[in-house]
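The block underneath contains the structure these notes are about, expressed in C-alpha coordinates.
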Amino acid sequence: MSNTNFSCPPLSHINENNLHFILGGARSGKSRLAENIAKQAESQGRTICYIATAQAHDKEMSQRILRHQVERPDHWALLESPLYLAQALTQALQDSDCVLVDCLTLWLSNCLCHQDNDFYKQQKAMFIDFLKNFLSDKSPYKAKKLIFVSNEVGHGIVPMGELSREFVDQAGWLHQELAQLANQVDFVMAGLPMTLKANISQHNVLDEKDV
(Lines of atoms letter the chains of each structure in order from A and count residues from 1; the text may use other names and numbers.)
(Lines give C-alpha, C1' and ligand atoms only; values in the text may rest on other atoms or scores of the structure.)
Protein backbone atom coordinates (compact mmCIF):
# COMPACT_ATOMS: atom_id res chain seq x y z
CA MET A 1 0.00 0.00 0.00
CA SER A 2 1.40 3.39 -0.95
CA ASN A 3 2.19 5.95 1.75
CA THR A 4 1.86 8.86 -0.65
CA ASN A 5 -0.20 11.66 0.91
CA PHE A 6 -1.80 14.03 -1.56
CA SER A 7 -2.91 17.54 -0.71
CA CYS A 8 -6.11 18.43 -2.51
CA PRO A 9 -7.52 21.52 -4.19
CA PRO A 10 -9.61 23.79 -1.97
CA LEU A 11 -13.32 23.36 -2.57
CA SER A 12 -14.06 26.88 -3.71
CA HIS A 13 -17.33 27.75 -5.43
CA ILE A 14 -18.97 25.50 -2.83
CA ASN A 15 -22.48 26.34 -4.08
CA GLU A 16 -21.79 25.20 -7.64
CA ASN A 17 -21.78 21.71 -9.12
CA ASN A 18 -18.30 20.48 -9.87
CA LEU A 19 -16.81 17.70 -12.03
CA HIS A 20 -13.26 16.51 -11.30
CA PHE A 21 -11.63 14.04 -13.72
CA ILE A 22 -8.51 12.07 -12.69
CA LEU A 23 -6.48 10.06 -15.22
CA GLY A 24 -3.48 7.82 -14.71
CA GLY A 25 -1.90 4.48 -15.45
CA ALA A 26 -1.98 1.34 -13.31
CA ARG A 27 -0.64 1.90 -9.79
CA SER A 28 -0.13 5.59 -10.54
CA GLY A 29 -1.85 6.83 -7.39
CA LYS A 30 -4.97 8.10 -9.15
CA SER A 31 -7.43 6.31 -6.85
CA ARG A 32 -5.60 7.56 -3.77
CA LEU A 33 -5.84 11.14 -5.01
CA ALA A 34 -9.55 10.74 -5.77
CA GLU A 35 -10.24 9.30 -2.33
CA ASN A 36 -8.32 12.11 -0.63
CA ILE A 37 -10.33 14.70 -2.56
CA ALA A 38 -13.52 12.96 -1.42
CA LYS A 39 -12.25 12.95 2.17
CA GLN A 40 -11.62 16.67 1.91
CA ALA A 41 -15.17 17.18 0.67
CA GLU A 42 -16.39 15.09 3.61
CA SER A 43 -14.41 17.26 6.04
CA GLN A 44 -16.41 20.23 4.76
CA GLY A 45 -19.69 18.53 5.54
CA ARG A 46 -20.42 16.65 2.32
CA THR A 47 -21.74 13.09 2.32
CA ILE A 48 -19.89 10.62 0.09
CA CYS A 49 -21.03 7.82 -2.21
CA TYR A 50 -18.55 5.51 -3.93
CA ILE A 51 -19.66 3.94 -7.22
CA ALA A 52 -17.64 0.81 -8.03
CA THR A 53 -17.66 -0.45 -11.62
CA ALA A 54 -15.41 -3.53 -11.22
CA GLN A 55 -16.58 -7.12 -11.60
CA ALA A 56 -14.67 -9.97 -9.97
CA HIS A 57 -14.15 -12.25 -12.97
CA ASP A 58 -10.95 -13.81 -11.59
CA LYS A 59 -8.86 -14.11 -8.41
CA GLU A 60 -6.56 -11.20 -9.26
CA MET A 61 -9.49 -8.83 -9.83
CA SER A 62 -11.09 -10.03 -6.59
CA GLN A 63 -7.88 -9.10 -4.77
CA ARG A 64 -7.86 -5.66 -6.40
CA ILE A 65 -11.46 -5.06 -5.35
CA LEU A 66 -10.70 -6.17 -1.80
CA ARG A 67 -7.71 -3.83 -1.63
CA HIS A 68 -9.88 -0.87 -2.65
CA GLN A 69 -12.51 -1.86 -0.09
CA VAL A 70 -9.91 -1.93 2.69
CA GLU A 71 -8.40 1.42 1.73
CA ARG A 72 -11.59 3.50 1.50
CA PRO A 73 -13.68 4.53 4.54
CA ASP A 74 -16.27 1.88 5.32
CA HIS A 75 -18.92 4.46 6.29
CA TRP A 76 -19.17 5.83 2.75
CA ALA A 77 -22.28 4.82 0.85
CA LEU A 78 -21.53 2.24 -1.86
CA LEU A 79 -23.18 1.47 -5.18
CA GLU A 80 -21.92 -1.30 -7.46
CA SER A 81 -22.71 -0.41 -11.06
CA PRO A 82 -20.66 -2.23 -13.71
CA LEU A 83 -23.01 -1.23 -16.56
CA TYR A 84 -25.68 1.38 -15.84
CA LEU A 85 -23.60 4.38 -14.79
CA ALA A 86 -26.03 7.22 -15.53
CA GLN A 87 -28.72 5.53 -13.46
CA ALA A 88 -26.26 4.91 -10.61
CA LEU A 89 -25.21 8.57 -10.60
CA THR A 90 -28.82 9.68 -10.47
CA GLN A 91 -29.44 7.38 -7.51
CA ALA A 92 -26.25 8.37 -5.68
CA LEU A 93 -26.90 12.11 -5.94
CA GLN A 94 -30.30 11.74 -4.28
CA ASP A 95 -28.63 11.16 -0.90
CA SER A 96 -24.97 12.16 -1.33
CA ASP A 97 -23.22 15.47 -1.98
CA CYS A 98 -20.04 14.01 -3.46
CA VAL A 99 -19.88 10.92 -5.69
CA LEU A 100 -16.63 9.12 -6.59
CA VAL A 101 -16.67 6.75 -9.57
CA ASP A 102 -13.77 4.29 -9.87
CA CYS A 103 -13.25 3.56 -12.64
CA LEU A 104 -14.52 4.58 -16.07
CA THR A 105 -12.34 2.21 -18.09
CA LEU A 106 -13.72 -0.82 -16.26
CA TRP A 107 -17.22 0.46 -16.98
CA LEU A 108 -16.26 0.89 -20.64
CA SER A 109 -14.83 -2.65 -20.79
CA ASN A 110 -17.96 -4.11 -19.22
CA CYS A 111 -20.18 -2.29 -21.71
CA LEU A 112 -18.12 -3.30 -24.75
CA CYS A 113 -18.38 -6.95 -23.71
CA HIS A 114 -22.16 -6.77 -23.44
CA GLN A 115 -24.06 -9.06 -25.83
CA ASP A 116 -25.87 -6.05 -27.31
CA ASN A 117 -23.42 -4.43 -29.75
CA ASP A 118 -25.08 -1.03 -29.30
CA PHE A 119 -25.11 -1.21 -25.51
CA TYR A 120 -22.05 0.99 -24.91
CA LYS A 121 -23.21 3.59 -27.43
CA GLN A 122 -26.54 3.86 -25.63
CA GLN A 123 -25.04 3.96 -22.14
CA LYS A 124 -22.39 6.50 -23.11
CA ALA A 125 -25.03 8.81 -24.60
CA MET A 126 -27.03 8.61 -21.38
CA PHE A 127 -23.88 9.24 -19.33
CA ILE A 128 -22.79 12.32 -21.30
CA ASP A 129 -26.35 13.71 -21.28
CA PHE A 130 -26.43 13.25 -17.52
CA LEU A 131 -23.16 15.17 -17.09
CA LYS A 132 -24.30 18.04 -19.30
CA ASN A 133 -27.50 18.28 -17.29
CA PHE A 134 -25.53 18.09 -14.03
CA LEU A 135 -23.38 21.06 -15.07
CA SER A 136 -26.16 23.16 -16.59
CA ASP A 137 -27.74 26.20 -14.97
CA LYS A 138 -31.00 24.25 -14.77
CA SER A 139 -29.46 21.26 -13.02
CA PRO A 140 -31.71 19.64 -10.42
CA TYR A 141 -28.60 19.17 -8.28
CA LYS A 142 -27.01 22.04 -6.39
CA ALA A 143 -23.60 22.20 -4.73
CA LYS A 144 -22.76 18.61 -5.69
CA LYS A 145 -19.38 17.16 -6.69
CA LEU A 146 -18.52 14.31 -9.05
CA ILE A 147 -15.07 12.67 -9.11
CA PHE A 148 -14.22 10.27 -11.93
CA VAL A 149 -11.17 8.00 -12.05
CA SER A 150 -10.00 6.41 -15.30
CA ASN A 151 -7.00 4.58 -16.75
CA GLU A 152 -4.97 6.22 -19.49
CA VAL A 153 -4.47 3.33 -21.91
CA GLY A 154 -3.41 5.18 -25.05
CA HIS A 155 0.29 5.56 -24.26
CA GLY A 156 1.31 1.95 -24.86
CA ILE A 157 1.74 -0.33 -27.85
CA VAL A 158 -1.27 -0.48 -30.18
CA PRO A 159 -2.96 -3.82 -29.35
CA MET A 160 -3.32 -6.51 -32.01
CA GLY A 161 -6.84 -7.70 -31.21
CA GLU A 162 -9.88 -5.97 -32.70
CA LEU A 163 -11.73 -5.66 -29.38
CA SER A 164 -8.60 -4.37 -27.63
CA ARG A 165 -8.11 -1.69 -30.29
CA GLU A 166 -11.77 -0.74 -29.99
CA PHE A 167 -11.36 -0.43 -26.23
CA VAL A 168 -8.33 1.87 -26.54
CA ASP A 169 -10.08 4.03 -29.15
CA GLN A 170 -13.30 4.32 -27.16
CA ALA A 171 -11.39 5.13 -23.97
CA GLY A 172 -9.55 7.93 -25.72
CA TRP A 173 -12.74 9.44 -27.11
CA LEU A 174 -14.52 9.12 -23.75
CA HIS A 175 -11.63 10.83 -21.97
CA GLN A 176 -11.63 13.72 -24.44
CA GLU A 177 -15.34 14.32 -23.95
CA LEU A 178 -15.10 14.14 -20.19
CA ALA A 179 -12.07 16.44 -20.08
CA GLN A 180 -13.99 19.03 -22.10
CA LEU A 181 -16.84 18.96 -19.59
CA ALA A 182 -14.78 18.76 -16.39
CA ASN A 183 -13.99 21.73 -14.19
CA GLN A 184 -10.69 20.14 -13.26
CA VAL A 185 -8.54 17.43 -14.88
CA ASP A 186 -5.49 15.86 -13.21
CA PHE A 187 -3.07 13.30 -14.63
CA VAL A 188 -1.25 11.13 -12.08
CA MET A 189 2.11 9.51 -12.80
CA ALA A 190 4.37 7.76 -10.25
CA GLY A 191 2.31 9.22 -7.43
CA LEU A 192 2.63 12.78 -8.75
CA PRO A 193 -0.58 14.55 -9.84
CA MET A 194 -0.22 17.07 -12.66
CA THR A 195 -3.03 19.53 -13.29
CA LEU A 196 -4.05 19.56 -16.96
CA LYS A 197 -7.07 21.80 -16.51
CA ALA A 198 -8.16 23.89 -13.55
CA ASN A 199 -11.10 26.27 -13.74
CA ILE A 200 -11.41 26.42 -9.96
CA SER A 201 -8.01 27.07 -8.45
CA GLN A 202 -4.44 25.88 -8.69
CA HIS A 203 -3.15 23.77 -5.83
CA ASN A 204 -0.06 22.15 -4.42
CA VAL A 205 -0.52 18.67 -5.76
CA LEU A 206 1.65 16.61 -3.43
CA ASP A 207 2.57 16.57 0.22
CA GLU A 208 6.03 15.02 0.12
CA LYS A 209 5.92 13.81 3.73
CA ASP A 210 6.15 10.00 3.95
CA VAL A 211 6.76 9.56 0.19
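If you're matching positions, the sequence shown starts at 1040 in my numbering and goes up one per residue.
The C-beta atom is built at its ideal place from N, Cα and C for all residues, glycine as well.
Values in this document were obtained by computation on a predicted structure and should not be read as measured data.
Judged by DSSP secondary structure, V1207 falls within the alpha helix (DSSP H) whose first and last residues are 1201 to 1220.
With a 10 Å radius around the Cβ and a threshold of 16 neighbouring Cβ atoms, P1112 comes out exposed. In this structure, the alpha-carbon of F1169 lies about 23 Å from that of V1207. Taking 8 Å as the cut-off, the beta carbon of I1087 is found closer than this to the beta carbon of L1139.
When the beta-carbon positions are compared, E1216 and I1186 stay at least 8 Å from each other. Partner residues in the beta bridge of G1063, as assigned by DSSP, are N1190, V1227. Nearest to Y1089 by alpha-carbon distance, out of G1211, A1073, Q1083, is A1073. DSSP places D1136 in the coil class of the three-state scheme, outside both helix and strand. A residue is called buried once 16 or more other Cβ atoms fall within 10 Å of its Cβ, and A1065, having fewer, is exposed.
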